[in-house]
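Input: a single structure, listed below in structure tokens.
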Amino acid sequence: MEPHLAAGQFQLFPDQASTFAAHVDALFFFLLAITAFFSILIAGLIIYFSIRYRRSASSVPHTHGEPAWLELTWTIIPFCITMVIFVWGARLFALAFHPPADAMNIYVVGKQWMWKVQHPQGRREINDLHVPSGRAVRLIMTSQDVIHDFYIPAFRVKQDVLPGRYTSEWFEPTQPGEYHLFCAQYCGTSHADMIGTVFVLEPSKYAAWLAESSTGKSMGDTGETLYRQFGCNACHGTRAPTLAGLFRSTVKLENGQTVLADESYLRESILAPRAKIVSGYSTIMPTYKGQINEEQLSQIIEYIKSLRDFRAPEPENKP
Amino acid sequence: MSHAIVSLRSYLLVFAGLLVLLGATVGASFLELGIWALPAAMAIACAKALLVAAFFMHLHQENSLVRLVACAGLFWLGIMVMLAMSDVLTRL
Amino acid sequence: MPADYTEIPEAAFENIEQQRDASKLGMWVFLCTEVMFFGGLFLAYCEYRHLHPDSFAAASSHLSWMLGSVNTVVLLASSLTVALAVRAASLRSAGTVNLFLVATVLLGIAFLSIKGFEYYTDYREGLIPGSSFTYSSSQPGVQAREVEMFFMLYFIMTGVHAFHMIIGITAFIVLIAMSRQRALSLQTIENAGLYWHFVDVIWIFLFPLLYLVGHH
Amino acid sequence: MNASTQTLPVAVVFQRASPSYLNDGYSVRSWLLTRDHKRIAILYMISITLFFFIGGAAAVLFRVHLLTPSGALFQPETYNKLFTIHGVVMVFFFLIPSIPAVMGNFLVPLMIGAKDLAFPRLNLASWYVLMAGGAFTVYAAIAGGIDTGWTFYTPYSTMFSNTNVIAAAAGVFITGFSSILTGLNFIVTIHRMRAPGLTWFRLPLFIWAMYATSVIMVLGTPVLAMTLSLVGIERIFRVGIFDPALGGDPLLFQHLFWFYSHPAVYIMILPSMGVVSEIIPCFARKRPFGYKFIAMASVAIAMLGFLVWGHHMFVSGQSMYGGIVFSFLSFFVAIPSAVKVFNWTATLHKGSISLQTPMLYALGFIGLFTFGGLTGLFLACLGVNIHVTGTYFIVAHFHYIMVGGAVMGYLGAIHFWWPKMTGRTYSEFWGRISAAIIFIGFNLTFFPQFILGYLGMPRRYYAYPAEFQVLNVMSTAGASILGIGFVLPLIYFLWSLKYGKRAGPNYWNATGLEWTTASPPETENFDVTPEVVTEPYAYELKEAIDAGGLH
């Protein structure tokens, strides 16, 4: 499966191959120090007391007071330590939830038992993931069946991949090389076979690799074809809201709420058009659920995203 | 331990109170209360539940332990709903 | 006809007071677990109502608030009769106890009959979730799948509630039989009463949550 | 020390007015229809020992399978069924009933000076309910097996698994009621049946722990019951509750499941903490340091344990804010746990310590629980959790708590109260040997799994990349040592029943009302209801009297 992987070699510590991995490891070593300190302290005291105060003919248990300051000390000090861990950990967690604005997107679909990957430029792969080094990469992921989990130990990133919605994770690889990709959420019989390899390439090599695409069509191009095939252009722009400039804009809904038009919103609007109705429009759009698969969906979304350079009319001016 | 006997009249009054509250909750559902519809309905339901618990179930005569136990279930249910909804309401 | 509701404590107890105290506390703890048992359903309801408000409103309007209200009155009345049965037992008036217990059983059966009629109506309208679900709507924000979920929750919640009622009714029938043989203790009637009131309280919450969501 | 040299503060003469509970009837009927809490405890002990070895056999089999990277023994389906049955049986049929149903049943009435639990018939019913649940689960395991993992995650369990999910879920559902009824019985008993003079702060710490455990059982278990019912309904009727394809939310299942299953961890560990709080004072001949803090810490753990379940879901698709709230709350549970560890350790200070078998288990518990608890910080910590959750790190962490904590506590309890329960003594030599073997085997099994986890090996893998083999082989080697360690007590305990020396009423010269009864106790427990006039754990007083007696 992974002939080139630095595999088979015994390690005690995993490769550290992303910017995030360095952060996680720093916190890990802090925790390790705390664990070592308290484990040795407690184990040491138990052993010392057991020997020092072992029972003998003359030994009499010694009653002593139970000073409140002692109880207070060993309540407050652990509390302070845990709060440091909490804040440090929460900052990393927030970082994991906020990809840089210039991150490149790659679409991932999990199914029993394989990973299907699409690059916006059109190249596809299965159970492999090629990414450039030194560039933030955001994975937009969904599942066709059960819950999976996209886990790259060397990057210290992991995120469940759920059916029916998008989840995402991001990382910035630092070291070109080959790394493990695991499914980390039990997903049935061949769960342990739902593994693959992440290839981190120099940016130039990544560009070359992308260019090897068999079709030469980007996801957006394919999406545009689908857009016409499904007849989306028949309404959007006239009876239905225009899609130009939609992505990342704030949409005003019929019920007075507003919503950010991100990938999840676009996805929902295609599969469940009635869930959120744009202000001023009626509910004529049919659902495409069941007619369109996850890959086509992401292609259409990529196409809609590519329309972002056009300025949309202000929502207030709509009929 | 055995409770003082509650008068027949009190029971009938409680029952009447419950019927009034039932009318109130049905009536409220016909008003356009918007986001206040659910809180209003729940407030009335709580009042009804309180009447039943306090008088029919004799909670007003019980010792504090029994009252504590009676509240414990609701308290933990509240924890479950609140913490789980804290995720649902902030999920993107 | 006066009845003697005193009894001998079980072996584990020092005296009858301790036994009554323990048995009542046990009943309340049990009701606590019952609250949590229904709790999961209430959480599911909360989440899905939050996610699909329009569908839930549309679905709820298919339920008859009138039948629901009538049923609420029936159940509240049965709670009253149970409370009066317990009162009669405290007054050592066995005949009155039986009268009120029979009334409770009849009211309980009335509730279940109305509920059954409602279920039948839902069945006729194709509102039973699963393959026979035939609901469709063109209202904005309303999706058949979400309406189906409302009805799933409706049937589970009211079904579990009805199951509790069947247990309660059976218990009361047993109590009536025991009462005829003078084998009934005050504590047993009180505990059965607590259980019945609890079932009533659950309905007090189910009624507005299920029947009164939509505008009529 | 031995039974003959002991001196009691109050002279108690044991004239057996009535037979011991073991001799009060010999028919099968006298056991299967008994209402005696002590006999019911024995019934539980026999059944959960059986469940323990079923679950253990599954573990041994899949550990052997993992000797080679591609898997040595089984097809993937079989492997998945083995780890599922290991998890389901160990969690629901061994760990949860272990100390509460066996030791709690036996000890709660004895420790509080009662004749029995408040509801003896309900108590017997609980055991039958457990057996019924066990029968369903064993049926599920035999008829097709079940491969969802003990967590029953949806939509896999409801829509995709082709195995016997319904039967297994029904088994767990039924067993839940055993746990609810036991908890209810304990709560009422502890509130209402305490001997005169036995105020709350005179209660043994084991009773405090059992009380806290019971609260969790009573409030948490019904949620699991409903959740599994919903899984069953979705699986049978194919209507969306949890499956996103049908409009459901799989995270709702996870919320409901962990609302019970996280506090369930405290159902397993709190009783062990109670046991340790009994053993350490006895073998250090000292009142436990910070009695009130240990007692309150049990209650605090039970309460806080309900607020932290979302830390199982940091990478599940839960919201970022949800994750942060749950992480924050999770750290609060660390505090009472730490307070307990410090207080136990301080109890040893200036004690008069003897390292007999129960004490070895208690000290082993403190060490392993401390390490297990500290590794819990890695998992509660959001940033590190992302990397280690779902890997062998978490497997190692919870086995340090479940085996290093709960099972060590259970074994410690059995070794401590065995003379009381059976009236016989076991071989101290073999007791110490097996404690050492278990300690070594355990660490060899699970410590390498921490490293495996940080290296990134996901859990529930029947095959793995070759570089993980060394650590897996170490783990399997440890498991075989651990297995021997667990079989040894079974042998010498059975041996002691026939050949063990008779134990006196107070074999360890301990305080506590249970030691004022005969060994084994009479069916009625106490001839006269005891009246409590002293603080608990009056070991210093006892020692002083004993020393005076030697003059």
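Keeping their order, the protein sequence lines are chains V, S, G and P.
The working numbering numbers the first residue of the first sequence as 258 and each following residue consecutively.
The working numbering numbers the first residue of the second sequence as 93 and each following residue consecutively.
The working numbering numbers the first residue of the third sequence as 925 and each following residue consecutively.
The working numbering numbers the first residue of the fourth sequence as 190 and each following residue consecutively.
Built from N, CA and C at the ideal position, the CB exists for glycine as well.
Contact with chain G by residue i, beta-carbon distance below 8 Å
i                     : result
residue 412 (chain P) : yes
residue 515 (chain V) : no
residue 93 (chain S)  : In this prediction, residue 93 (chain S) scores a pLDDT of 40, lower than 50, which makes its location untrustworthy; the coordinate-derived value is nonetheless stated afterwards. True, the Cβ-Cβ gap to chain G drops below 8 Å.
residue 307 (chain P) : yes
residue 596 (chain P) : no
residue 178 (chain S) : no
residue 303 (chain P) : yes
residue 407 (chain P) : yes
residue 363 (chain P) : no
Chain S within 8 Å of residue i, Cβ atoms only
i                      : result
residue 971 (chain G)  : yes
residue 1129 (chain G) : yes
residue 508 (chain P)  : yes
residue 372 (chain P)  : no
residue 993 (chain G)  : yes
Contacts of residue i in chain S (Cβ-Cβ under 7 Å)
i                     : result
residue 963 (chain G) : 169 and 172
residue 996 (chain G) : 114
Terminal residues of the alpha helix (DSSP H) in which residue i lies
i                     : result
residue 511 (chain P) : 509 to 537
residue 340 (chain V) : 325 to 354
residue 115 (chain S) : 100 to 122
residue 948 (chain G) : 940 to 975
residue 443 (chain P) : 439 to 473
Closer than 8 Å to chain V by CB, residue i
i                     : result
residue 471 (chain P) : no
residue 439 (chain P) : yes
residue 246 (chain P) : no
residue 926 (chain G) : Any reading at residue 926 (chain G) needs caution, since the residue's pLDDT is 41, under 50, leaving its predicted position unreliable; the model's value is listed next. So, not an interface residue.
residue 192 (chain P) : Unreliable positioning characterises residue 192 (chain P) in this predicted model, as indicated by a pLDDT of 41, which lies under 50. The coordinate reading is nonetheless provided below. So, not an interface residue.
residue 474 (chain P) : yes
residue 198 (chain P) : Confidence at residue 198 (chain P) is low in this model, with a pLDDT of 45, below 50, so the placement of that residue should be treated as unreliable; the coordinate-derived value is given next. With 8 Å as the cut-off, residue 198 (chain P) does not count as an interface residue toward chain V.
Contacts that residue i makes with chain V (C-beta to C-beta distance below 9 Å)
i                      : result
residue 1154 (chain G) : Since the first residue shown for chain G is 925 and the last is 1140, residue 1154 (chain G) is missing from the structure and cannot be characterised.
Residue i: contacting residues in chain V (beta-carbon distance under 7 Å)
i                     : result
residue 573 (chain P) : 281, 284, 285, 288 and 346
Start-to-end residues for the beta strand (DSSP E) that takes in residue i
i                      : result
residue 437 (chain V)  : 434 to 440
residue 1094 (chain G) : Premise fails: residue 1094 (chain G) lies in the alpha helix (DSSP H), 1068 to 1104, not in any beta strand (DSSP E).
residue 367 (chain V)  : 361 to 368
CB contact below 8 Å: residue i versus chain P
i                     : result
residue 470 (chain V) : no
residue 945 (chain G) : yes
residue 967 (chain G) : yes
residue 310 (chain V) : yes
Interface partners of residue i on chain G, CB under 7 Å
i                     : result
residue 380 (chain P) : 949
Residues that residue i contacts on chain P, provided the C-beta gap is smaller than 7 Å
i                     : result
residue 303 (chain V) : 534, 537, 552, 555 and 556
residue 953 (chain G) : 373, 376, 377 and 407
Under 8 Å from the C-beta of residue i: neighbouring residues of chain V
i                      : result
residue 1062 (chain G) : 540
Check: residue i C-beta below 7 Å from any heavy atom of the ligand SAM
i                     : result
residue 458 (chain P) : Ligands in the displayed structure: none, and consequently the ligand SAM is not present.
Under 9 Å by beta carbon: chain P residues contacting residue i
i                     : result
residue 276 (chain V) : The premise fails here: residue 276 (chain V) is roughly 13 Å from chain P at the closest Cβ pair, so nothing lies under 9 Å.
Neighbouring residues, chain G, relative to residue i (Cβ below 8 Å)
i                     : result
residue 117 (chain S) : 1131, 1132 and 1136
Check each residue of the stretch 1032 to 1054 of chain G: if its Cβ is closer than 7 Å to any Cβ of chain P, include it; give the result in chain order. 1053 and 1054
Near-chain P residues of the stretch 429 to 442 of chain V (beta-carbon distance less than 8 Å), N- to C-terminal order: 437, 439, 440, 441 and 442
Contact residues within the stretch 1105 to 1135 of chain G, judged by C-beta distance below 7 Å to chain P: none
According to a CB-to-CB cut-off of less than 8 Å, which residues of the stretch 325 to 347 of chain V neighbour chain P? 327, 328, 331, 332, 335, 336, 339, 340, 342, 343, 345, 346 and 347
Which residues, taken in chain order from the stretch 423 to 451 of chain P, show a beta carbon closer than 9 Å to some beta carbon of chain S? 438, 440, 441, 444, 445 and 448
Residues of the stretch 1001 to 1027 of chain G with Cβ closer than 9 Å to any Cβ of chain S, in chain order: 1001, 1003, 1004, 1006, 1007, 1008, 1010, 1011, 1014 and 1015
Of all the residues that make up the stretch 154 to 169 of chain S, which are near chain P by a beta-carbon distance shorter than 8 Å? 157, 164, 165 and 168
Residues of the stretch 486 to 503 of chain P in Cβ contact with chain S at a cutoff of 7 Å, in chain order, please. 495, 496 and 499
Does the contact criterion of 3 or more C-beta pairs under 8 Å hold for the stretch 485 to 498 of chain P versus the stretch 609 to 629 of chain P? No: the two stretches stay apart, fewer than three of their Cβ pairs being nearer than 8 Å.
Check each residue of the stretch 131 to 148 of chain S: if its Cβ is closer than 8 Å to any Cβ of chain G, include it; give the result in chain order. 133, 134, 136, 137, 140, 141, 144, 145, 147 and 148
Contact the stretch 1037 to 1046 of chain G vs the stretch 970 to 979 of chain G: 3+ CB pairs below 8 Å: no
Inter-stretch contact at 8 Å, needing at least 3 Cβ pairs: the stretch 275 to 288 of chain V / the stretch 425 to 440 of chain V: yes
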